[in-house]
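Take the sequence shown: its position 508, counted from the start at 1, is 625 in the numbering used here, and no numbers get skipped.
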Amino acid sequence: MAELVCRGFQVVQEDDPVLLRHRAEEARPFTSDHPSIIITTGALEDLPYDLYQPAYQINLSLHQYFPNLAYPVLQALTPDQIVKLESCQQPNQLLSRNKTIGYLLREVFGADPEILSRPHALVGWLSDYHHQLLDLPDLLRHHLVETLKGFPEYREWDVDLLIRDAQAFQGFVQQEWQKSIDQSIWDKQIRETQTEYFIPFERDPQLQDLVPGLVRRGTIQPIRIEKQTGLPTWARPGVTFVDVRIQRFSTLLEDANHQICVIKSGAQVGWNVWKELALTWAELCNMILQTHLAAHQEQKEVYLNILREIDPLFTNWLRQNYTALGAQRLPTPHHVHHIPHYLAYLRNLGRLGKVVLLVLDGLSLMDWQVVAAAWSQRHADWTIRTDLVLSQIPTITSISRYALISGLRPSDFANDIDHRVSEARAWELFWSREGIAEKACKLLPLYYDRQIDQLPELQDPRVNFWCLIDDTTDKLAHHATLGTADQQSSLKLWLDPIHHPNSLPLEAQLDAYLEQGYTLFIASDHGHVEAAGVGQPSEGLVAQTRGKRVRIYKDRLAALHVQNAFSDTILWDNDGLLPDQMAALMPEGRDAFAPNGEVVVTHGGVSIDEVIVPFIQITKESK
């Protein structure tokens with residue numbers, strides 16, 4: 118997709134016949150100077166005849182590329198995993214279904230069950246797996262889990278949970294590490310038994326060799342001790358004499374700085390690299406708010422240097438990859454407007470029957486790390502799985518949230534930015550195209566802060582496809598007159614059960630839906646950033662919207678005229694997703710269209726904090 122876009126092709130992929138016709142007409146004329154590719158997952162003969170007849174027709178199938186592998190198993194792989202498979206040595210004979218699964222586990226995921234039968238190998242593999250944000254397809258995961266359960270070392274391990282849930286894996290390793298340190302320091306005379314320790318750090322030199330890497334990746338949080346008496350040398354990377362948070366802060370700075378250097382090296386950087394950096398950056402930003410962590414001048418300089426470099430690098434990467442990722446909506450969503458299509462895809466696979474999509478308006482990845490920590494502590498039976506997607510640019514509610522709810526690109530609705538078709542109707546229309554009755558779909562804004570009893574409406578048994586909108590996090594951002602520290606303090610108050618209003622009613626409602634068998638997803642339409650004012654354009658009625666991080670114009674020439682007066686700005690247009698004549702003008706870096714020097718927490722631009730947002734699934738263990 119990326120290469121086709123770079124070569125000037127317009128890619129049209131749409132299952133809905135009306136939208137297909139609309140986008141095909143947008144792509145005309147079909148000429149050698151203006152080439153187009155129309156993609157369908159159905160038969161080519163089912164395309165409209167005026168598109169089918171003059172076109173050069175190509176049928177592509179995974180089976181053509183991998184003829185010796187079981188096709189139904191291949192279908193479970195994501196595009197990134199297929200790319201990796203292509204680089205592997207292919208089998209020279211036809212493999213059965215189970216042998217294909219075993220081959221893919223070994224070659225694509227590095228998960229050879231015979232090797233993973235040893236605890237140090239499994240712990241190391243799980244650490245790599247979660248660090249790289251891999252997603253083992255259910256079919257392969259079930260096979261791997263059943264195989265590993267046959268080894269006596271794992272009879273007491275919940276291997277399936279450790280693969281599915283990164284937090285569960287981290288908690289498991291941390292608990293075992295605490296046992297090892299307690300054993301080493303306080304009671305060396307006790308003879309441990311295998312039933313007492315699941316991860317025998319004390320007995321296994323290969324496990325001991327993993328400790329520094331587990332610490333660096335945050336799987337092991339160093340345990341604070343008073344003295345090293347009796348502590349073996351191999352255990353020292355996993356302990357500290359200073360505040361654990363200070364050590365973690367230093368590690369995050371090193372990781373972020375290294376990731377920036379890799380991106381600057383000129384190597385081809387994929388989406389997964391930026392997802393990894395976004396997670397590191399969000400955690401680092403959360404910790405920097407604890408002022409004592411930034412007291413060391415050298416560390417502060419490293420942080421400020423990363424801050425100066427991260428947004429220009431990200432903007433350059435977006436210009437090259439944003440459009441191509443916008444065309445890759447299945448089986449893994451990349452943009453927020455892919456999310457409804459992803460839910461429909463899971464439904465068609467039989468993996469969900471009833472769904473709740475909670476949109477936490479304005480929830481940044483930094484916010485979510487705080488929320489997830491609080492909710493995980495209160496709901497031990499919740500399994501929280503976090504992925505990342507790209508907001509719609511410009512990252513304002515009227516465009517990005519509407520895209521998230523409707524499943525449409527901005528070019529399909531942004532000329533009507535006031536939305537004559539409401540969000541509620543757009544949600545119904547999406548599911549009606551999937552054959553779902555309108556009465557089974559409902560969008561409802563939540564008003565927990567307004568003393569309104571919505572419980573009867575939220576319990577409507579006819580509704581199987583909920584979209585709930587909670588704008589609490591967006592309000593906290595816009596009301597933060599003292600910057601990000603103010604916004605984060607307010608967020609923590611909202612999560613505090615003692616404070617009122619708080620998040621407990623929302624959590625209770627989500628828990629109720631999980632109990633009723635709904636599949637629960639949480640999404641954000643955009644993040645936010647602390648920015649400083651650099652002045653406000655005076656363009657009269659020319660601008661369609663006048664945000665602090667973006668001005669939108671229907672006429673590109675009008676945007677260029679304003680840019681002449683504000684040279685430190687980014688002009689965003691012709692990205693294949695916005696309407697042809699629409700242009701967005703955004704301040705560079707962490708600046709805002711606001712009075713000089715004014716500090717605001719806002720959104721609309723293309724910073725990593727605004728564009729990369731969490732997409733979460735929460736499941737609940739059955740009792």
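Even for Gly, the Cβ is constructed at its ideal location relative to N, Cα and C. As the structure is a computational prediction, the values presented were derived from the model and not from experiment.
(request) Let me know if Q604 comes out buried or exposed under the rule of 16 or more other beta-carbons within 10 Å of its beta-carbon. (result) Mapped onto the sequence shown, residue 604 falls at position 487. Q604 should be labelled buried.
(request) Quickly, what does DSSP pair P349 with across the bridge? List them, please. (result) Reading the sequence shown from its first residue, position 232 is the one you call residue 349. Bridge partners of P349: none, in fact.
(request) Could you check which residue in L279, P236, K296 and I280 has the C-alpha nearest to that of P269? (result) In the sequence shown, the residue the question calls residue 269 occupies position 152. Per the Cα distances, P236.
(request) Tell me the start and end of each unbroken alpha helix (DSSP H) in the segment 138-210 that is at least 4 residues and wholly inside, in chain order. (result) Listed in chain order, they are 166-169, 179-182, 188-191 and 196-203.
(request) Compare the beta carbon distance of L585 and L563 with 8 Å and say whether it is the shorter of the two. (result) For this step, residue 585 is matched to residue 468 along the sequence shown. For this step, residue 563 is matched to residue 446 along the sequence shown. Contact: yes.
(message) Once the 5 residues before and after Q295 are set aside, which same chain residues still bring their CB inside 7 Å of it?
(response) One-based indexing of the sequence shown puts residue 295 at position 178. So the list reads I340, once near-sequence residues are dropped.
(request) Starting from the C-beta of L191, find all residues in its chain whose C-beta is less than 7 Å away, skip the five residues before and the five after it, and write them out in chain order. (result) Counted from its first residue, the sequence shown places residue 191 at position 74. The beta carbon of L191 lies closer than 7 Å to those of L179 and F183 in the same chain, with the five residues before and after it left out.
(message) Let me check understanding here. Comparing Cα to Cα, which of H452, L447, H454 and V453 lies closest to K463?
(response) Translated into the one-based positions of the sequence shown, residue 463 becomes position 346. Looking at the sequence shown, residue 463 is not Lys but Leu. Out of H452, L447, H454 and V453, L447 has the C-alpha closest to the C-alpha of L463.
(message) For N438, count the other beta carbons within 10 Å of its own beta carbon; 16 or more makes it buried, fewer makes it exposed. Which is it?
(response) For the purposes of this step, residue 438 is taken as residue 321 along the sequence shown, with counting starting at 1. Residue environment for N438: buried (at least 16 other C-beta atoms within 10 angstroms of its C-beta).
(message) Measuring straight from C-alpha to C-alpha, what distance separates G227 and G267?
(response) What you label residue 227 is simply residue 110 of the sequence shown in a count that begins at 1. What you label residue 267 is simply residue 150 of the sequence shown in a count that begins at 1. Taking the straight line joining both Cα atoms gives about 19 Å.
(message) If you reduce the DSSP assignment to three classes, tell me which class R425 lands in.
(response) In the sequence shown, residue 425 corresponds to position 308, counting from 1. Helix, per DSSP.
(message) If you measure between the beta carbons of P696 and G650, is that distance less than 8 Å?
(response) Position 579 of the sequence shown, counting from 1, holds the residue named residue 696. Position 533 of the sequence shown, counting from 1, holds the residue named residue 650. No, the Cβ-Cβ distance between P696 and G650 is not below 8 Å.
(request) Name the one or two DSSP bridge partners that D708 has. (result) For the purposes of this step, residue 708 is taken as residue 591 along the sequence shown, with counting starting at 1. Per DSSP, A649.
(request) Please report how far the alpha carbon of A441 lies from the alpha carbon of A597, in whole angstroms. (result) What you label residue 441 is simply residue 324 of the sequence shown in a count that begins at 1. What you label residue 597 is simply residue 480 of the sequence shown in a count that begins at 1. C-alpha of A441 to C-alpha of A597: approximately 35 Å in a straight line.
(request) For L211, I'd like the list of residues in its chain whose CB is within less than 7 Å of its CB, leaving aside the five on either flank, ordered along the chain. (result) As a first step, residue 211 must be located in the sequence shown, where it is residue number 94. These residues qualify, in order along the chain: N185.
(request) Give me the Cα-Cα distance between W388 and F431, rounded to the nearest whole angstrom. (result) Stepping through the sequence shown from its first residue, residue 388 is reached at position 271. Stepping through the sequence shown from its first residue, residue 431 is reached at position 314. Put simply, the backbone Cα of W388 is about 11 Å away from that of F431.
(request) From the DSSP output, in three-state form, read off R320 for me. (result) Indexing the sequence shown from 1 puts residue 320 at position 203. Note: R320 maps to coil in three-state DSSP.
(message) If you follow the alpha helix (DSSP H) that L406 is in, where does it begin and where does it stop?
(response) As a working note, residue 406 is residue 289 in the sequence shown. Element bounds for L406: n/a, residue is neither H nor E.
(request) Would you check if the distance between the CB atom of S508 and the CB atom of D642 is smaller than 8 Å? (result) For this step, residue 508 is matched to residue 391 along the sequence shown. For this step, residue 642 is matched to residue 525 along the sequence shown. The Cβ atoms of S508 and D642 sit closer than 8 Å to each other.
(request) List the DSSP bridge partners of W689. (result) Taking the first residue of the sequence shown as position 1, residue 689 is located at position 572. Beta-bridge annotation (DSSP): W689 is paired with A701.
(request) Leaving out five residues on either side along the sequence, give the residues of the same chain with a beta carbon under 7 Å from the beta carbon of G714. (result) For the purposes of this step, residue 714 is identified with residue 597 of the sequence shown, where counting begins at 1. Once the five neighbours on either side are set aside, the close Cβ partners of G714 are A649 and G650.
(request) State the start and end residues of the unbroken alpha helix (DSSP H) segment that holds Y519. (result) Taking the first residue of the sequence shown as position 1, residue 519 is located at position 402. Y519 to S523 is the span of the alpha helix (DSSP H), which, as asked, contains Y519.
(request) Compare the C-beta of G650 against all C-beta atoms of chain C and say whether one is closer than 8 Å. (result) Chain labels in this structure do not include chain C; a single protein chain is all it has.
(request) On a CA-only basis, which of V667, G383, L168 and Q571 is nearest T686? Give me that one, please. (result) Residue 686 sits at position 569 when you count from the first residue of the sequence shown. Of the residues V667, G383, L168 and Q571, the one whose Cα lies closest to the Cα of T686 is V667.
(request) May I ask you to verify whether the segment 729-740 touches the segment 619-639, counting CB pairs closer than 8 Å and requiring at least 3? (result) With contact defined as three or more Cβ pairs closer than 8 Å, the segment 729-740 and the segment 619-639 are in contact.
(message) Quick check: the Cα distance between T148 and Y166, rounded to an integer number of angstroms?
(response) As a position in the sequence shown, residue 148 is number 31, starting the count at 1. As a position in the sequence shown, residue 166 is number 49, starting the count at 1. Taking the straight line from one Cα to the other gives about 18 Å.
(message) Given a cut-off of 8 Å on the beta-carbon distance, is the pair D498 and E727 in contact?
(response) Position 381 of the sequence shown, counted from the start, is the residue given in the question as residue 498. Position 610 of the sequence shown, counted from the start, is the residue given in the question as residue 727. No, Cβ-Cβ distance for D498 and E727 is not below 8 Å.
(message) Can you check which of these residues, R281, T158 and P429, is closest to N176 by C-alpha distance?
(response) To locate residue 176, count along the sequence shown from 1; it is residue 59. Nearest Cα to N176 within the set R281, T158 and P429: T158.
(message) Among Q571, A373 and F582, whose alpha-carbon lies nearest the alpha-carbon of L475?
(response) As a position in the sequence shown, residue 475 is number 358, starting the count at 1. Scanning Q571, A373 and F582 for the CA closest to the CA of L475 turns up F582.
(request) Please list, in chain order, all residues of the same chain as E555 whose beta carbon is under 7 Å from its beta carbon, the five residues on each side excluded. (result) Indexing the sequence shown from 1 puts residue 555 at position 438. So the list reads E545 and S549, once near-sequence residues are dropped.
(message) Given this structure, state the Cα-to-Cα distance separating Q364 from A283, to the nearest angstrom.
(response) Residue 364 sits at position 247 when you count from the first residue of the sequence shown. Residue 283 sits at position 166 when you count from the first residue of the sequence shown. The alpha-carbon atoms of Q364 and A283 are separated by roughly 21 Å.
(message) Just to confirm before moving on: does the CB-CB distance between L257 and L221 stay below 8 Å?
(response) Within the sequence shown, the letter at position 140 stands for residue 257. Within the sequence shown, the letter at position 104 stands for residue 221. Between L257 and L221, the gap from beta carbon to beta carbon is short of 8 Å.
(request) Would you list the residues sitting across from Q130 in a DSSP beta bridge? (result) For the purposes of this step, residue 130 is taken as residue 13 along the sequence shown, with counting starting at 1. Residue pairing by DSSP places Q130 opposite I156 in a beta bridge.
(message) Can you list, in chain order, the residues of its chain with a C-beta nearer than 8 Å to that of Q680? Leave out the 5 residues immediately preceding and following it.
(response) Here the question's residue 680 lines up with position 563 in the sequence shown. By the criterion of a C-beta distance shorter than 8 Å, Q680 is surrounded in its chain by T686, L688 and L702, once the five residues flanking it on both sides are discounted.
(request) Apply the 10 Å Cβ neighbour rule to S204 and answer buried if 16 or more other Cβ atoms are within range, or exposed otherwise. (result) What you label residue 204 is simply residue 87 of the sequence shown in a count that begins at 1. So S204 ends up on the exposed side.
(request) Would you kindly check if the distance between the Cβ of Q127 and the Cβ of A144 is under 8 Å? (result) Along the sequence shown, read from residue 1 onward, the residue named residue 144 stands at position 27. Along the sequence shown, read from residue 1 onward, the residue named residue 127 stands at position 10. Against a cut-off of 8 Å, the Cβ pair of Q127 and A144 comes out as a contact.
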